[in-house]
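**Q** Chains as they are written, first to last, in my numbering: chain A, 272 to 573; chain B, 272 to 573.
Using N, Cα and C, we set each Cβ at its ideal position, and we do this for glycine too.
On a predicted model such as this, the values are computed, not experimentally measured, just so you know.
Before anything else, here's the structure in question.
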């Protein structure tokens with residue numbers, strides 16, 4: 272196999288990072304997984320991977336380092352903090368920064384990585400845990416073509432679609448930011464629609480079936496609607512994530528002095544869910560904010 | 272053909288009513304079209320239909336009367352006003368009320384029609400002008416099964432999908448209302464996303480292509496996004512329509528004391544567009560509100 276001597280590291284084995292790391296192993300690539308949770312590291316080792324809590328140890332001798340931590344602060348820490356990956360990675364190693372971060376941060380960290388002699392792709396991802404496990408995530412990527420060449424064995428293993436959004440770091444994160452704007456507004460709109468339907472006496476499953484085939488459809492309505500109908504708030508993606516991601520969009524709007532009224536409104540709904548102690552529940556739990564204020568019972572609520 | 276002696280009337284030959292009337296003719300059904308605009312009546316006559324400005328004249332001897340005017344007030348007028356259809360229709364004629372109206376109104380007018388000896392289906396439609404012309408609209412329908420039987424030749428001619436939402440009038444309009452909540456929020460969200468993308472320097476077509484394949488996708492983003500990218504605000508559906516339809520949703524929220532923050536926010540954006548003189552432009556022109564406030568130029572703006 273062409274990947275015989277290729278070595279990759281995945282820092283952060285959350286739902287997307289875990290899927291990426293497993294997909295790399297499935298492609299026959301030597302892969303080191305990094306996390307702070309020992310049980311996850313043990314599980315990765317049992318699958319044939321190498322495990323460590325040290326980004327530096329993982330990056331040693333690597334061709335590609337993928338950073339799947341949750342935000343900008345953690346990205347900076349695993350790259351340049353204590354036992355950071357950059358100090359140990361060989362010159363020319365390609366770094367993929369995959370967390371959803373402010374576009375400005377994506378640019379800054381890319382410039383810093385370049386100054387450190389590394390290649391870099393601004394590479395936020397989309398697709399959810401199931402697609403990640405199947406090697407089918409989507410990458411919204413920008414960076415130099417030499418970086419894409421260097422990363423190809425790894426990106427081939429984890430993604431079925433890599434959108435090439437130009438040479439400049441930041442472009443990937445800008446598109447991801449807009450995607451999250453829509454995704455977050457649509458999740459809150461799904462909750463608003465389903466709960467008003469319940470209040471008005473419409474059967475939720477019938478409503479779901481009609482809307483999915485009508486002009487009110489969205490990917491999020493199709494995906495999160497069943498969580499509300501089934502009363503299943505086991506987190507596929509948590510409320511906290513959208514407080515963070517819509518917070519990034521909101522901050523960008525403020526920075527650019529650009530009005531984002533729907534973003535701000537949806538963000539307030541997710542923050543209200545967080546205030547209700549629902550931060551770690553599935554993001555569809557924003558429906559519980561509507562249910563409480565509107566005095567209705569959701570499916571599964573007694 | 273089974274429809275040999277079947278006679279239908281379509282009151283209101285706007286984009287959806289026109290499509291319904293043409294589809295009825297195409298199915299070989301004797302059809303009378305009603306409108307206030309003589310040029311539209313002439314056009315319908317040229318296609319082989321019968322034309323009149325009088326709902327009463329149109330309803331005489333009819334099996335099915337479809338009311339495609341734009342709102343509740345016009346619906347009441349064409350049914351019970353001067354030259355109203357109900358006074359002239361034969362006993363047992365089926366009326367389909369197809370305008371988007373408050374669910375309460377749909378219930379009241381259905382009860383009144385029943386008291387007048389008529390059959391009735393609460394039958395708001397979806398799908399747009401192109402599908403309407405092809406006989407492929409969707410009907411969100413509720414009413415007695417005898418009414419559906421009586422209407423079948425007509426509904427077979429105009430729709431490819433009739434959702435049966437129970438016996439009670441109002442159920443169809445409730446589902447349509449929820450659909451319009453989502454559709455309206457998604458159009459405004461499309462505008463918010465596309466304009467922030469432009470502000471941030473993202474190429475609109477690239478953004479569109481990525482989002483359509485990602486979790487931020489919606490039917491409205493897919494449909495209205497190109498209007499913004501091409502600067503085409505020729506009205507397929509106008510800003511005024513969503514001021515009306517989100518107004519219905521908002522009023523229902525107030526009536527039920529149910530919080531609808533995204534609906535209210537989107538409604539304000541459409542009202543702002545109306546205030547800018549854009550009421551008759553395509554609803555995607557809500558993007559111009561964002562562009563003005565955010566100080567950017569949209570495609571097609573100099």
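Here's the rule I'm using: 16 or more other beta-carbon atoms within 10 Å means buried, otherwise exposed. How should residue 301/A be labelled?
**A** Answer is buried; the Cβ neighbour count reaches 16.
**Q** Give the range of the alpha helix (DSSP H) segment to which residue 450/B is assigned.
**A** Note, residue 450/B: alpha helix (DSSP H), 442–470.
**Q** Quick check on residue 551/B: buried or exposed, where buried means 16 or more other Cβ atoms within 10 Å of its Cβ?
**A** Result: exposed.
**Q** Roughly how many angstroms lie between the CA atoms of residue 493/B and residue 441/B, to the nearest whole one?
**A** Roughly 30 Å between the two C-alpha positions.
**Q** Around the Cβ of residue 595/A, are there at least 16 other Cβ atoms within 10 angstroms (buried) or fewer (exposed)?
**A** Outside the modelled stretch of chain A, which goes from 272 to 573, sits residue 595/A, for which no answer is possible.
**Q** For residue 433/B, which of helix, strand or coil comes out of DSSP?
**A** In the structure shown, residue 433/B sits in a strand (DSSP, three-state: E or B).
**Q** Mind checking residue 532/B: buried by the 16 CB within 10 Å criterion, or exposed?
**A** Under this definition residue 532/B is a buried residue.
**Q** Whole angstroms is fine: what's the gap from residue 445/B's alpha carbon to residue 391/B's?
**A** In a straight line, the C-alpha of residue 445/B is about 16 Å away from that of residue 391/B.
**Q** Would you say residue 385/B reaches chain A, if we count a Cβ-Cβ gap shorter than 8 Å as a contact?
**A** Judged by the 8 Å Cβ criterion, residue 385/B is not in contact with chain A.
**Q** I'd like the ranges of any alpha helix (DSSP H) spanning at least 4 consecutive residues and lying wholly in the stretch 497–521 of chain A.
**A** List check, alpha helix (DSSP H) in window: nothing returned.
**Q** Classify residue 568/B: buried if its beta carbon has 16 or more other beta carbons within 10 angstroms, exposed otherwise.
**A** Residue 568/B comes out exposed.
**Q** Determine the DSSP secondary structure at residue 482/A, reduced to helix, strand or coil.
**A** Three-state DSSP puts residue 482/A in a helix.
**Q** Report the CB separation of residue 407/B from residue 431/B in whole angstroms; it is logged as a contact under 8 Å.
**A** Yes, they are in contact, since the Cβ atoms of residue 407/B and residue 431/B sit about 4 Å apart, within 8 Å.
**Q** Quick one: grab the DSSP three-state call for residue 220/B.
**A** The question about residue 220/B has no answer here: the residues shown for chain B are numbered 272 through 573.
**Q** By Cβ distance, which residues of its chain are closer than 7 Å to residue 504/A, with the 5 residues on each side in sequence left out?
**A** 498, 552, 553, 555 and 556, listed in sequence order.
**Q** Put residue 345/B into one of helix, strand or coil per three-state DSSP.
**A** Residue state, collapsed to three classes: helix.
**Q** Looking only at C-alpha atoms, which of 405/A, 303/A, 379/A and 513/A sits nearest to residue 541/A?
**A** Measuring from the Cα of residue 541/A, the nearest candidate turns out to be 513/A.
**Q** Buried or exposed: which applies to residue 495/B, given that a residue is buried once 16 or more other Cβ atoms fall within 10 Å of its Cβ?
**A** By the 10 Å Cβ count, residue 495/B comes out buried.
**Q** Based on Cα-Cα distance, which residue from 349/B, 528/B and 369/B lies nearest to residue 360/B?
**A** When each option's Cα is compared against that of residue 360/B, the closest is 349/B.
**Q** Which partner residues does residue 282/A have in the DSSP bridge list?
**A** Partner(s): 305/A and 338/A.
**Q** Would you mind stating whether residue 413/B and residue 454/B have Cβ atoms separated by less than 8 Å?
**A** Against a cut-off of 8 Å, the Cβ pair of residue 454/B and residue 413/B comes out as no contact.
**Q** Since residue 463/A meets chain B, which of its residues come closer than 8 Å, beta carbon to beta carbon?
**A** Result: 452, 456, 531, 532, 533 and 534.
**Q** Determine, using beta carbons only, whether residue 570/A and residue 475/A come nearer to each other than 8 Å.
**A** Closer than 8 Å, so yes.
**Q** Quick check: what's the CA-CA separation for residue 327/B versus residue 459/B?
**A** Answer to the nearest angstrom: the Cα atoms are 40 Å apart.
**Q** Going by DSSP in three states, residue 359/A sits in which element: helix, strand or coil?
**A** If DSSP states are grouped into helix, strand and coil, residue 359/A belongs with coil.
**Q** According to DSSP, residue 367/A sits in a beta bridge with which residue or residues?
**A** Paired residue(s): 337/A and 392/A.
**Q** Tell me which residue opens and which closes the alpha helix (DSSP H) that residue 385/A is part of.
**A** Here the alpha helix (DSSP H) through residue 385/A covers 374–386.
**Q** Whose C-beta lies closer than 8 Å to the C-beta of residue 521/B among residues of the same chain, with five residues either side of it excluded?
**A** Cβ within range, chain order: 531, 534, 535 and 538.
**Q** Please identify the residue among 561/A, 528/A, 523/A and 565/A whose C-alpha is closest to the C-alpha of residue 376/A.
**A** Residue 523/A is the option with its Cα nearest to residue 376/A.
**Q** Rounded to a whole number of angstroms, what is the C-alpha to C-alpha distance between residue 479/B and residue 389/A?
**A** Each residue's Cα considered, the two are about 31 Å apart.
**Q** Mind pulling the chain A residues with CB within less than 7 Å of residue 459/B?
**A** The contacting residues are 533.
**Q** Helix, strand or coil: which one does DSSP assign to residue 324/B?
**A** Coil at residue 324/B, not helix or strand.
**Q** Who are the Cβ neighbours of residue 415/B in its own chain at under 6 Å, not counting the five residues just before and after it?
**A** Same-chain partners within the cutoff: 438.
**Q** The alpha helix (DSSP H) that contains residue 399/A, what's its start and end?
**A** First-last of the alpha helix (DSSP H) with residue 399/A: 399–404.
**Q** Give every residue of the same chain whose Cβ lies closer than 6 Å to the Cβ of residue 283/A, excluding the five residues on either side of it in the sequence, and list them in chain order.
**A** So the list reads 339 and 340, once near-sequence residues are dropped.
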